[in-house]
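Under the numbering used here, the first residue of the sequence shown is numbered 5, with each subsequent residue one higher.
Working notes for the structure below.
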Amino acid sequence: GLQQLEWGGEAGGRLEGAVETLRQDLNSLRQSLEYRQSDQNQREEKDLLEGLDSRVGQISVRLRRMYSQVQDLGRTVNSNMQAVAYNTSILAALMEGQTANHSERVVSCPKPLPTLLPPPDNSTPPLPLDCWDTLRQGYNRSGIYQIQPSRYHQPFLAHCNMDTMGGGWTVFQSRVDGSTHFTRSWAEFEVGFGNMAAGEFWLGLGKLHLLTNA
Numbered sequence: 005g006l007q008q009l010e011w012g013g014e015a016g017g018r019l020e021g022a023v024e025t026l027r028q029d030l031n032s033l034r035q036s037l038e039y040r041q042s043d044q045n046q047r048e049e050k051d052l053l054e055g056l057d058s059r060v061g062q063i064s065v066r067l068r069r070m071y072s073q074v075q076d077l078g079r080t081v082n083s084n085m086q087a088v089a090y091n092t093s094i095l096a097a098l099m100e101g102q103t104a105n106h107s108e109r110v111v112s113c114p115k116p117l118p119t120l121l122p123p124p125d126n127s128t129p130p131l132p133l134d135c136w137d138t139l140r141q142g143y144n145r146s147g148i149y150q151i152q153p154s155r156y157h158q159p160f161l162a163h164c165n166m167d168t169m170g171g172g173w174t175v176f177q178s179r180v181d182g183s184t185h186f187t188r189s190w191a192e193f194e195v196g197f198g199n200m201a202a203g204e205f206w207l208g209l210g211k212l213h214l215l216t217n218a
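The following block contains the structure:
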């Protein structure tokens, strides 16, 4: 994309050069009219050259506007790329920290996920705070459960890994076949995306915040 913008800038420069050359040629023709004998022909040719000169001026103005727009677009693209790189670095650091912090029982699961396993009818409110709380209530099968880390926020579905290191782990990211595209906006990483039942999902930074502050 940046190479195209650079090319656009070079192209604009070449067009400006061509316009300037055309202006010089018009000036040369205008000067040559001084040596003509026919006043009538001279006036006609001068009118023609003035019309051409006006047209060249209009083209030059348009080229300058286009070149300015290309420069603005380049600055916008550079700014967006820097923002994406910054947000990606924050996300990577957060993911690394959550993976290393076993006490929070939040893990990334590379294996396919089973079907939805909601809490039973007798699990009246309050809902489990997290997957560890779900395990403590007697659910020892890996699957998708409804949890509510904060009573001040709505409950949500989470995949609980009950097989790794004693179980009770909340899966925040799962990749199985790469069918879910993970190149997303910061807003999408905030709320989460993907298909949890298919094993291709990102839980969401907002939910991770609730889990780590429960």
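Beta carbons: idealized from backbone N, C-alpha and C, even for Gly.
- In the three-state reduction of the DSSP assignment, Ala-162 falls in the strand class.
- Counting along the chain, the unbroken beta strand (DSSP E) around Gly-198 starts and ends at 197 to 199.
- In this structure Gly-61 is exposed. Its beta-carbon is surrounded by fewer than 16 other beta-carbon atoms within 10 angstroms.
- Non-local C-beta neighbours of Ser-189 in its own chain, meaning closer than 7 Å and more than five positions away in sequence, are absent.
- Across the set Tyr-156, His-163 and Asn-217, the C-alpha of His-163 shows the shortest separation from the C-alpha of Asn-144.
- If you draw a straight line from the Cα of Ala-191 to the Cα of Ser-72, it comes to about 31 Å.
- Looking at the backbone, the Cα of Leu-214 and that of Asp-76 are separated by about 40 Å.
- Residue environment for Thr-174: buried (at least 16 other C-beta atoms within 10 angstroms of its C-beta).
- In this structure Asn-165 is buried. Its beta-carbon is surrounded by 16 or more other beta-carbon atoms within 10 angstroms.
- For the options Thr-184, Asp-167 and Thr-216, the alpha carbon positioned closest to that of Trp-206 is the one of Thr-184.
- Relative to Asn-199, the option among Gly-210, Phe-176, Leu-212 and Asn-217 whose CA is nearest is Phe-176.
- Excluding the 5 residues flanking it on each side, Phe-186 has no same chain C-beta neighbour closer than 6 Å.
- Rounded to the nearest whole angstrom, the C-alpha separation of Glu-49 and Arg-69 is 30 Å.
- At a Cβ-Cβ threshold of 8 Å, Cys-135 and Gly-196 do not count as neighbours.
- In the three-state reduction of the DSSP assignment, Ser-64 falls in the helix class.
- In the structure shown, the three-state DSSP call for Gln-177 is strand.
- Ranked by how close their Cα comes to the Cα of Leu-212, the residues Ile-151, Gly-203, Asp-167 and Val-65 have Ile-151 in first place.
- Taking the C-beta atoms as reference points, Thr-138 is found no nearer than 8 Å to Pro-130.
- Going by C-alpha positions, Ile-148 is about 45 Å away from Arg-79.
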